[in-house]
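Right, one structure below, let's go through it.
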Amino acid sequence: MATITCDRCSEDKEQLEDVPMGGDLGQKIMEQICSECWAEWRAMSGNLINHNALNLGMPEHRAELRRVMKEFLGMEA
Ligand SMILES: [Zn+2]
Numbered sequence: 031m032a033t034i035t036c037d038r039c040s041e042d043k044e045q046l047e048d049v050p051m052g053g054d055l056g057q058k059i060m061e062q063i064c065s066e067c068w069a070e071w072r073a074m075s076g077n078l079i080n081h082n083a084l085n086l087g088m089p090e091h092r093a094e095l096r097r098v099m100k101e102f103l104g105m106e107a
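Quick note on the numbering used here: the sequence shown kicks off at 31 and runs consecutively.
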């Protein structure tokens with residue numbers, strides 16, 4: 031499996047096996063974020079969705095989750 035130098039934890043870690051979401055953002059995450067940091071975000075996003083009762087069918091809720099995700103992963107907006 032390929033390793034990358036992760037932008038978030040700055041370590042050489044395993045890359046994600048698949049692009050985690052569509053579009054440019056998914057590509058960036060694949061190239062810049064290791065699978066461990068992504069797993070951390072997945073766990074946290076589940077909590078966030080429950081805690082804030084986010085409805086991912088609503089564009090503004092998806093946008094908010096995306097904003098928090100970029101912040102969490104240390105990606106530029
Ligand atoms: Zn990482």
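All C-beta atoms in this analysis are idealised placements derived from N, C-alpha and C, irrespective of residue type, glycine included.
- One residue after another in chain order, those with a Cβ under 7 Å from a heavy atom of ligand 1 are Cys36, Arg38, Cys39, Glu41, Lys43, Ile63, Cys64, Glu66 and Cys67.
- Around the beta carbon of Leu86, fewer than 16 other beta carbons sit within 10 angstroms, so the residue counts as exposed.
- DSSP links Asp42 through a beta bridge to Thr35.
- In the DSSP assignment, Cys64 forms a beta bridge with Gln45.
- Counting every other CB atom within 10 Å of its CB across the protein chains shown gives Met51 a total below 16, marking it as exposed.
- Between Met60 and the set Pro89, Leu95, Ala83 and Glu44, the nearest pair of CA atoms involves Glu44.
- The C-beta of Met99 has 16 or more other C-beta atoms within 10 Å across all chains shown, which makes the residue buried.
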